[in-house]
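Novice: In terms of our numbering, the sequence shown opens at residue 86 and continues consecutively. Note that CB positions come from ideal geometry on N, CA and C, so glycine has one too. First, the structure itself, so that you have it in front of you.
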Amino acid sequence: MLAPLLVAAIGCALPLLQDQDNDGFGVLVDCDDADAERHPFANDVAQDGVDQNCDGVDGTDADGDGQASMETGGEDCDDADVDVFSEAPEICGDGVVNDCDSDAGRALAICGLSGGRSVTEADARMLGRVDHSNAGSAASAVGDMDGDGLPDLLIGAPVDGGEGVVWVISGMARGDLTLGTDTIGSIRGLSGNSRAGFAVSGVGDMNGDGWDDVLIGSPFQDTQGEDDGAAHLVLGPVSGDLSLTADAHATLVGESVSDLAGYAVASAGDIDGDGQPDVLVTSPGDDQGGDSAGATYLLPGPLEGTLSLAVAFKLSGEEAGDQAGHAAAAVGDVDGDGVDDLLIGSYLAGSDDRGAAYLILGPVRNSFGLHDADAKLIGDQDDCGAGHSVAAAGDVNGDGLADILVGAPYMDRDRQWATGAAYLVFGPVGYGGRLASAQATLTSSREGSLAGWSVDSAGDVDGDGHGDLLVGALTDSRAGPEAGAVHLVRGPVIGHVELADADGRFTGAQAYGRLGKAVAGVGDVDGDGFDDVLLGAHASGEDHPFPGAAYLLLGGGL
C-alpha cells in the first residue's frame, strides 16, 4: 500500500514543481511561470511597469524595504540599508539620515529635541545676576532689538533689586551668560516691590516705527493704591539700561487696590479688527464680578501716557474667587473668520475649583462678563486648576484653524496627587464643555509634578509642517526634588499622550530649581528654518539662593 500512496503524493506535488516557461524556477517561486524573462534572479528594468525579479517592486530592492533603488529608478537612496528609504522615520542615534527626502539638519532637529536631557546642555544658559532675583519667572520672544534681522528674547526677573527687571537678550546668544553682563539691554521697574517682569511679552509694532515693542507686567506696583498693579509699554528698540520711570511710553494702571493689574500681559493680535495691534492686561484681583472674580482688559493700539484700565474693554470674571485672568493669551483665528480670538484662564472657577478657560471670539468692541463667553471649557476634576495656564497651540492638526492649549496642574491621576495635565482643543471649539472631551489629553504619571503649570506652542521645531507643544511640570522630580521638567510633544497629536513617553523632555539643572515656571516658543532665533524654545527656572542657582535662570534650546541643531 505504501508505494501507491507515495506515487499519488508525488503526482499531486508535480504541478507545484513544474517550470512551464523553462527559466529554472518553478511556479512556487516564479511570479509569472508563463514568462521566462520574469523570475527571482532576473534583471529588473526600472519603471517599465513590470516586476521582472519578483520582489514586488518595479526596480531592484536589494534590502527588502519595499522601495526600489534610485539606480533602478526607485526612491531608495541606500539599497543596502533596510532603515533608509524615502519618507523613512528618523532613527535617532544610528548615525545616518534615514529619510532620503531629508537632510542632516532636519535629522538633527528631529532627534536633537528628542528623549531626555538636562538643560545644562542648552545652547544658551542665562543665569540671574543676584540672589533672589528669580530670573526666568517670565519668558518671551520679541522682535529684532539689535538690528541683525532675527528675533530676540525677553527674560523677567521680578525680584531683582526688589523692583524687578526685564532683560533683553540676543537670539544669537550662546553658552553660559550672566544676565546684566551679556545682554542687549535692561528695563528696570519702579522703586519698591513692584515686581516688574512678573509677566512680559513682545507685542509687535504698536507705534508703526518698524521696531517691535515690549509690554511688562508689574502686578505689585502701588500707583493709586496698594497692589493695584500696572503694565508698561516700552517702545523698541531697547538697548542699554532703561527704567520704567523714565522710559515707559505708556503706563496702564489698575482700577482698585489689590487688583494686581499686570499679572499677565500679552499681545492681543488685532482683537477689535481695526488693523492695529492690540494688547491685553489681566487683573485677577478685580472685584467687579465679586471679590477677586478677576478681569481681563483689552486695549487697542496705539497707546501713550498714563491710562487707567477703566478706559479699556473689560471682561469680568463670573463669580467671587474665580481669579479670572490668572492667565490669558491671544490664540489666533480659532473659528476661521479672519479675526484673532482670545483665551482667558480662571483656575479657581466654580464652587469646586475645577477651573475653566473662556474663549472669546473676535472682534471685541465692548465690555462684558465671562458668562457671555463664546465657549467655556471646564476642568475635568474637582480642584484640578484648569486654566492655570492657557496658550495658542498653532495649527496642530493642519486644518487651517488655530488650536488652543489649557493647563490643569493640580489634576490627580490614579490616586496620585497633582500629577497634572494639559488639554489640546482643536478649532473651531464650539460651545465648550468639559475638557475631558478635548481632542488630546497630555498627562503625567509622576505624583506632584504639576504638569501643565505652563504651556505654549513650540512652533515647528522639526520642520514637518505641524505645530509642536510645550508642557511645563514645575515640580517634576526625575532630576532631583522639584528640579522641574518641560515636555515637548510633536504634532500632529490626538487622543491620550503620556508625558513620560513625550518626544522630548528637558530636566532641571538641580534640585528645587523649578524648571517649567515659564515656557515659550520663540520662533526661529538663529535663522536656520527651525523654531526654537525658551525655558525658565526661577528658583535655579547652584551656588546662590534663587538667582534663577533661562535656557534657550535650538530646534535645528541640538
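Please classify residue 294 as buried or exposed, where buried requires at least 16 neighbouring CB atoms within 10 angstroms.
Specialist: exposed
Novice: Would you kindly work out how many angstroms separate the C-alpha atoms of residue 279 and residue 607, rounded to a whole number?
Specialist: Cα atoms of residue 279 and residue 607: separation of roughly 26 Å, rounded to the nearest angstrom.
Novice: Taking just the CA atoms, how far does residue 508 sit from residue 579?
Specialist: Cα-Cα distance, rounded: 10 Å.
Novice: Please report the residue range of the alpha helix (DSSP H) in which residue 205 lies.
Specialist: Where residue 205 is concerned, there is no enclosing alpha helix (DSSP H), given that its DSSP letter is neither H nor E.
Novice: For the candidate residues 448, 389, 411, whose alpha-carbon lies nearest to that of residue 346?
Specialist: 411
Novice: Measure the beta-carbon distance from residue 302 to residue 635 and round it to whole angstroms, keeping in mind my assumption that it falls under 8 Å.
Specialist: The C-beta distance from residue 302 to residue 635 rounds to 17 Å, too long to fall under 8 Å, and the pair is not in contact.
Novice: As a quick exercise: from 358, 106, 298, pick the residue whose alpha carbon is nearest that of residue 424.
Specialist: 358
Novice: In whole angstroms, what is the alpha-carbon distance linking residue 631 and residue 210?
Specialist: 15 Å
Novice: Round the Cβ separation of residue 645 and residue 434 to the nearest angstrom and send it over; I've been treating them as touching at under 8 Å.
Specialist: As shown, the chain starts at 86 and ends at 643. That puts residue 645 outside it, with no answer to give.
Novice: Going by C-alpha to C-alpha distance, which of 543, 205, 382, 238 sits closest to residue 450?
Specialist: Selected option, being the one with the closest Cα: 382.
Novice: Since residue 605 contacts residue 541 with CB under 8 Å, what's their CB separation in whole angstroms?
Specialist: 5 Å
Novice: Check whether the Cβ atoms of residue 338 and residue 308 lie closer than 7 Å to each other.
Specialist: yes
Novice: In whole angstroms, give me the CA-to-CA distance for residue 564 and residue 152.
Specialist: 43 Å
Novice: In chain order, what residues of the same chain have a beta carbon less than 7 Å from the beta carbon of residue 454, not counting five sequence neighbours either side?
Specialist: 374, 401, 403
Novice: Could you have a look at residue 341 and say whether DSSP puts it in helix, strand or coil?
Specialist: coil
Novice: Using 7 Å as the threshold, is the C-beta distance between residue 431 and residue 441 below it?
Specialist: Taking a C-beta distance under 7 Å as the contact criterion, residue 431 and residue 441 qualify as a contact pair.
Novice: Name, in chain order, the residues that DSSP records as bridge partners for residue 508.
Specialist: 491, 526
Novice: For residue 473, which of helix, strand or coil comes out of DSSP?
Specialist: coil
Novice: Does DSSP put residue 376 in a helix, in a strand, or in coil?
Specialist: coil
Novice: Helix or strand or just coil, what does DSSP make of residue 332?
Specialist: helix
Novice: Answer yes if the stretch 257 to 274 comes into contact with the stretch 320 to 338, meaning at least three C-beta pairs across the two stretches below 8 Å, and no otherwise.
Specialist: yes
Novice: Suppose you measure from the CA of residue 157 to the CA of residue 139; what does that come to, to the nearest Å?
Specialist: 15 Å
Novice: Put residue 457 into one of helix, strand or coil per three-state DSSP.
Specialist: helix
Novice: Among all the DSSP beta bridges, which residues are the ones paired with residue 591?
Specialist: In the DSSP output, where bridge partners are listed per residue, residue 591 has 202, 571.
Novice: Taking Cβ positions, are residue 250 and residue 258 nearer each other than 7 Å?
Specialist: no
Novice: When DSSP labels each residue in this structure, what does residue 115 get in the three-state scheme?
Specialist: coil
Novice: Along the beta strand (DSSP E) that carries residue 517, what are the first and last residues, could you check?
Specialist: 517 to 519
Novice: Hey, out of 475, 340, 459, whose CA is closest to residue 429's CA?
Specialist: 475
Novice: Quick one: residues in its chain with C-beta nearer than 8 Å to the C-beta of residue 145, no 5 flanking neighbours on either side, listed in chain order?
Specialist: 129, 131, 138, 153, 154, 156, 157, 159, 164
Novice: Just checking, does the stretch 224 to 242 make contact with the stretch 274 to 293 on the three C-beta pairs under 8 Å criterion?
Specialist: yes
Novice: Determine the DSSP secondary structure at residue 157, reduced to helix, strand or coil.
Specialist: helix
Novice: What residue does the beta strand (DSSP E) around residue 268 start on, and which one ends it?
Specialist: Looking at the DSSP string, residue 268 is not in any beta strand (DSSP E), and its letter there is neither H nor E.
Novice: Tell me which residues share the same chain as residue 103 and place their Cβ nearer than 8 Å to its Cβ, disregarding the 5 neighbours each side in the sequence.
Specialist: Taken in chain order, the residues that qualify are 111, 112, 118.
Novice: For residue 233, which of 183, 610, 593 has the nearest alpha-carbon?
Specialist: 610
Novice: Answer yes or no: do residue 559 and residue 601 have a C-beta to C-beta separation smaller than 7 Å?
Specialist: Cβ atoms of residue 559 and residue 601: closer than 7 Å.
Novice: Buried or exposed for residue 331, please, with buried defined as at least 16 other CB atoms from any protein chain shown within 10 angstroms of its CB.
Specialist: exposed
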